[in-house]
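Chain order of the listed sequences is A and B. With this note's numbering, you'll find the first sequence wraps up at 338, consecutive numbering, no jumps. With this note's numbering, you'll find the second sequence wraps up at 1264, consecutive numbering, no jumps. Cβ atoms here follow ideal geometry from the backbone N, Cα and C, with glycine treated the same way. Here the structure is a predicted model, which means the values were calculated and not measured.
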Amino acid sequence: MKAFLPKDQLPLLLDALGERIEVIAPVSTDAGPAFVTWHGQPIDLKDKPLSPITEFLLPHKEALFTYIQEAGRYTFKEEEIPSRLLFGIRPCDLHAIALLDRIFGREPPDQAYFRRRRATALVVQNCTSPGKECFCAGLEAGPEAKDPCDLQLTDIGDGFLCQAETPAGILILNASRALLQPALPGHLQERTKLLQKARRAMPQDRSCSQIRQAMESADWEALGRECISCGGCSFVCPVCHCFNILDLGVPDGQRLRCRDSCMFSGFSRLTGGANPRRTQGQRLRHWYQEKFDVIPQITGLPGCVGCGRCHLTCPAAINRVDLSVASRLMDDSSEARR
Amino acid sequence: MNEYIPMQAEIVDIDIESPNTYLFTLELQDEGADFRYLPGQFVMISVFGLGECPISIASSPTRRSLQLCIRRAGRVTSGIMDCLVGDVVGIRGPYGMGFPLDRMMRDVVIAGGGSGFATLRSLINYIADRRDEFGRVAVAYGARTSQDLYFMQEYKSWQSAGMEVAVTVDIGDELWKGNVGLVTSLIDRFDLTSGSAAICGPPVMINAVAEKLMDRGFHRADIYISLERHMKCGVGKCEHCSIGPYHACQDGPVFSYDRVRDAL
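So, in structure tokens, the structure goes:
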């Protein structure tokens, strides 16, 4: 099912959806767009939020279960999972969800993840104006949605071309039928034209093989000396999924799952103090190996979606794509800015 | 089913193996719990409020009780050590790949160092109970001092099951009449020149023993080591235990030496 939604009707569509389900959408904040529960705030669909949508499937902190003690024995309770509609997610993030589905779907499937995943509807916004940091095209993750979603929207100027991909997508459109106009052949042509243009606007050389090449010649120990081990790259990466499990509360409490990062020295350290990845260089190398070697072996797909968030967020200015350090390439980068 | 919700197990017995290491016998409380394991597998044990940690199973599936040998090392293990008989702990598992028993049914060298010997006890007792399926068996075990030697009351029963058992300590004392030195020195006493091997201990010891066995004629792929790794989920998701393409929790903790030699 296809339809056209005039731009000024978007808040009304979200209103109609918000009455039925919790809608998570990118709204403008002082720190740029961020995915939050929508209550009528101004929507920002221009820039990609720095914090990826996958945090609604693998939250920074969630209770795996609650334990309740009575006479030395325990009973366990699982939290209710809210049904949510994730609106305006980017094709790169959608591709990351497809990767997480495969990673968490390996035996035994991670039910804590899939309970949230199954209660989630996905509305994707195709990228007609990718950011400077974006290179999804080289990794086949964008700028157009390629993975299963319920509904995809494309900004074609004065409105959105809406394409329902599933029965849930049709229901989403039917929730606000009066706002929609018929999709015309011209709309589809415009969509194709804009997405081709977006694809061409992205660097063509930043592919999986280019990054693998950079990995081979990288001086990991030198990069490790620049890295400040903040874990920022892991926390903004939509594919990163490392976590820790810890308890909070005695005698009753919760067993929590919290996001973690392999950039931290304690991540692989053993109780006795030995550490299989002792240096920050080894840890950086591991981060890349996971994405470009291990995840491809496990899922058949590169473990990077080309969103460029790690590159944007790195306070040590390590170029996360070509693995150079900005300070050492001062002349080149000023050249590139011109 | 939420994989992270543990079964409950009551501590029914506590044996003191060393001043900082106890052997806990556990009884699962969940009726109809399907808990079948093999030597070399591990469980995630938890004390509610302190958290979870991975512990290899020290008992053999050929015997009725489930036993874990735990050394006081961090927050969770200290919490378990403070438990009394009758207390309840959480158990998830069994997880991981144990020793490949069908490929080990020939001559076997078993070498353990320190607390790494706990997982090997499971294998030794398994072999003792199914003795005719294996060839000649030699056990080498080293600990820091004689105070740190585990399972001392069992060595005799292993010997009567026809196994060669040699024990050493790093630091001798006036009460200790046995060997002083490294586990590798014990390997020289055995005349086995081929077969399979099971090793668990500090990486330096694993490498030294494995090299010595390979010099003897053992194939790298027939030497199985049990690796210690930081683990949180036990089911291949949290990435703490990743070693290249492997997750120690699912593809291990027992690996053939040729697969993980570089990771040691």
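For the region 180-234 of chain A, list the beta strand (DSSP E) runs that are entirely contained and at least 3 residues long, ordered along the chain.
For secondary structure counted as the beta strand (DSSP E) over 3 or more consecutive residues, the region 180-234 of chain A holds no complete run.
Closest by CA to residue 1194 of chain B, which one among B/1138, B/1176 and B/1122?
Counting from one through the second sequence, the residue named residue 1194 of chain B turns up at place 194. Comparing alpha carbon positions, the residue from B/1138, B/1176 and B/1122 closest to residue 1194 of chain B is B/1138.
At a Cβ threshold of 8 angstroms, is residue 1083 of chain B touching chain A?
In the second sequence, counting from the first residue as 1, residue 1083 of chain B sits at position 83. Not flagged as an interface residue toward chain A: residue 1083 of chain B, since no C-beta distance is shorter than 8 angstroms.
Residue-chain proximity (residue 343 of chain A, chain B), Cβ-Cβ < 8 angstroms
The requested residue 343 of chain A does not occur in the structure, where chain A is confined to residues 1 to 338.
Going by Cα to Cα distance, which pick from B/1203, B/1212 and B/1012 is closest to residue 274 of chain A?
Residue mapping note: residue 274 of chain A aligns to position 274 of the first sequence, counting from 1. Measuring from the Cα of residue 274 of chain A, the nearest candidate turns out to be B/1203.
Inter-stretch contact at 8 angstroms, needing at least 3 Cβ pairs: the region 98-113 of chain A / the region 153-168 of chain A
Fewer than three pairs of CB atoms, one per stretch, sit closer than 8 angstroms, so the region 98-113 of chain A makes no contact with the region 153-168 of chain A.
Does the Cβ-Cβ distance between residue 1198 of chain B and residue 1149 of chain B come in under 8 angstroms?
Taking the first residue of the second sequence as 1, we reach residue 1198 of chain B at position 198. Taking the first residue of the second sequence as 1, we reach residue 1149 of chain B at position 149. Result no, Cβ atoms of residue 1198 of chain B and residue 1149 of chain B do not sit closer than 8 angstroms.
Any chance you could list the beta strand (DSSP E) runs of at least 3 consecutive residues sitting entirely within the region 1004-1072 of chain B, in chain order?
Fully enclosed beta strand (DSSP E) runs of 3 or longer: 1007-1018, 1021-1028, 1042-1047, 1051-1056 and 1066-1071.
Using DSSP with H/G/I as helix, E/B as strand and the rest coil, what is residue 41 of chain A?
Working through the first sequence from its first residue, we reach residue 41 of chain A at position 41. Residue state, collapsed to three classes: coil.
Are the CB atoms of residue 57 of chain A and residue 118 of chain A nearer to each other than 8 angstroms?
As a working mapping, residue 57 of chain A is identified with position 57 in the first sequence. As a working mapping, residue 118 of chain A is identified with position 118 in the first sequence. The answer is no: Cβ separation not under 8 angstroms.
Chain-ordered residues of the region 1042-1076 of chain B with a beta carbon less than 7 angstroms from chain A:
Listed by position, the residues of the region 1042-1076 of chain B near chain A (Cβ gap below 7 angstroms) are 1048, 1049, 1050, 1051, 1052, 1073 and 1074.
Have a look at residue 311 of chain A and residue 1118 of chain B and give me their C-alpha separation to the nearest angstrom.
Within the first sequence, numbered from 1, the residue matching residue 311 of chain A stands at position 311. Within the second sequence, numbered from 1, the residue matching residue 1118 of chain B stands at position 118. Going from the Cα of residue 311 of chain A to the Cα of residue 1118 of chain B covers about 46 angstroms.
If we cut at 8 angstroms on Cβ distances, does residue 148 of chain A have a partner in chain B?
What you label residue 148 of chain A is simply residue 148 of the first sequence in a count that begins at 1. For residue 148 of chain A, the answer is no, since every Cβ of chain B falls outside 8 angstroms of its Cβ.
Take the Cβ of residue 174 of chain A as the centre, count every other Cβ of all protein chains shown within 10 Å, and call the residue buried at 16 or more, exposed below.
Residue numbering aside, residue 174 of chain A sits at position 174 when the first sequence is read from its first letter. By the 10 Å Cβ count, residue 174 of chain A comes out exposed.
Could you confirm whether any beta carbon from chain A is found closer than 8 angstroms to the beta carbon of residue 1240 of chain B?
Mapped onto the second sequence, residue 1240 of chain B falls at position 240. Yes, contact with chain A.
Identity of the residue in A/236, A/225 and A/221 nearest residue 48 of chain A by Cα:
The residue labelled residue 48 of chain A in the question sits at position 48 within the first sequence. Ranking the options by Cα distance to residue 48 of chain A, first place goes to A/236.
Spatial neighbours of residue 1013 of chain B within its chain, please: CB distance less than 6 angstroms, with the 5 preceding and 5 following residues excluded, ordered by chain position.
As a position in the second sequence, residue 1013 of chain B is number 13, starting the count at 1. These residues qualify, in order along the chain: 1025.
Report back the beta-carbon spacing between residue 227 of chain A and residue 243 of chain A to the nearest angstrom; my notes put them in contact at under 8 angstroms.
For this step, residue 227 of chain A is matched to residue 227 along the first sequence. For this step, residue 243 of chain A is matched to residue 243 along the first sequence. Incorrect: roughly 21 angstroms between the Cβ atoms, too far for contact.
Could you pull the start and end residues of the alpha helix (DSSP H) that residue 1209 of chain B belongs to?
Here residue 1209 of chain B corresponds to residue number 209 of the second sequence, with the count starting at 1. From DSSP, the alpha helix (DSSP H) with residue 1209 of chain B extends over 1203-1216.
Residues of the region 1126-1148 of chain B in Cβ contact with chain A at a cutoff of 8 angstroms, in chain order, please.
Residues: none.
8 angstroms contact criterion, which residue 1157 of chain B and residue 1128 of chain B should meet: CB distance rounded:
If you number the second sequence from 1, residue 1157 of chain B lands on position 157. If you number the second sequence from 1, residue 1128 of chain B lands on position 128. That belief holds up - the Cβ atoms of residue 1157 of chain B and residue 1128 of chain B are roughly 7 angstroms apart, short of 8 angstroms.
Would you check if the distance between the CB atom of residue 1057 of chain B and the CB atom of residue 1043 of chain B is smaller than 8 angstroms?
Position 57 of the second sequence holds residue 1057 of chain B. Position 43 of the second sequence holds residue 1043 of chain B. The Cβ atoms of residue 1057 of chain B and residue 1043 of chain B lie closer than 8 angstroms to each other.
In chain A, which residues lie less than 8 angstroms from residue 1177 of chain B when you measure between Cβ atoms?
Here residue 1177 of chain B refers to the residue found at position 177 of the second sequence. Close partners of residue 1177 of chain B in chain A (Cβ separation under 8 angstroms) are lacking, with about 29 angstroms as the shortest Cβ gap.
Cβ-Cβ distance between residue 86 of chain A and residue 53 of chain A below 8 angstroms
The residue given as residue 86 of chain A occupies position 86 in the first sequence. The residue given as residue 53 of chain A occupies position 53 in the first sequence. Closer than 8 angstroms, so yes.
DSSP state of residue 1152 of chain B, grouped into three classes?
In the second sequence, counting from the first residue as 1, residue 1152 of chain B sits at position 152. Collapsing the DSSP output to three states places residue 1152 of chain B in a helix.
I believe residue 1073 of chain B touches residue 1114 of chain B by the beta-carbon criterion, under 8 angstroms. Please report the beta-carbon distance rounded to the nearest angstrom.
Translated into positions along the second sequence, residue 1073 of chain B becomes position 73. Translated into positions along the second sequence, residue 1114 of chain B becomes position 114. Not quite, the Cβ-Cβ distance comes to about 11 angstroms (not below 8 angstroms), so this is no contact.
Work out the CA separation of residue 1059 of chain B and residue 298 of chain A for me, nearest whole Å.
Within the first sequence, numbered from 1, the residue matching residue 298 of chain A stands at position 298. Within the second sequence, numbered from 1, the residue matching residue 1059 of chain B stands at position 59. The straight-line gap from Cα to Cα measures roughly 33 angstroms.
Which one of B/1135, B/1213, B/1248 and B/1215 has the shortest CA to CA distance from residue 1230 of chain B?
Looking up residue 1230 of chain B in the second sequence gives position 230. The shortest Cα separation from residue 1230 of chain B among B/1135, B/1213, B/1248 and B/1215 belongs to B/1248.
On a Cα-Cα basis, can you pick out the residue from A/263, A/131, A/199 and A/146 that is closest to residue 230 of chain A?
On the first sequence, position 230 is the one that residue 230 of chain A refers to. Nearest option by C-alpha distance: A/263.
If you drop the 5 nearest sequence neighbours on each side, which residues of the same chain put their C-beta closer than 6 angstroms to that of residue 1126 of chain B?
Within the second sequence, residue 1126 of chain B is the residue found at index 126, counting from 1. Taken in chain order, the residues that qualify are 1039, 1060 and 1062.
Check whether the Cβ of residue 1015 of chain B lies closer than 8 angstroms to any Cβ atom in chain A.
Counting from 1 along the second sequence, the entry for residue 1015 of chain B is found at position 15. Residue 1015 of chain B does not count as touching chain A.
Looking at the secondary structure, which residues open and close the beta strand (DSSP E) in which residue 1225 of chain B lies?
What you label residue 1225 of chain B is simply residue 225 of the second sequence in a count that begins at 1. In the DSSP assignment, residue 1225 of chain B falls within the beta strand (DSSP E) that extends over 1223-1226.
Less than 8 angstroms between CB atoms is the rule here; does residue 290 of chain A satisfy it with respect to chain B?
Taking the first sequence and counting its residues from 1, one reaches residue 290 of chain A at position 290. Between residue 290 of chain A and chain B, the shortest Cβ-Cβ separation is below 8 angstroms.
In the DSSP assignment, what residue or residues form a beta bridge with residue 29 of chain A?
As a working mapping, residue 29 of chain A is identified with position 29 in the first sequence. Partner(s): A/32.
Is residue 50 of chain A closer than 8 angstroms to residue 176 of chain A when the C-beta atoms are compared?
Within the first sequence, the letter at position 176 stands for residue 176 of chain A. Within the first sequence, the letter at position 50 stands for residue 50 of chain A. The Cβ-Cβ distance between residue 176 of chain A and residue 50 of chain A does not fall below 8 angstroms.
Rounded to a whole number of angstroms, what is the C-alpha to C-alpha distance between residue 319 of chain A and residue 1263 of chain B?
In the first sequence, the residue the question calls residue 319 of chain A occupies position 319. In the second sequence, the residue the question calls residue 1263 of chain B occupies position 263. Cα to Cα, residue 319 of chain A sits roughly 28 angstroms from residue 1263 of chain B.
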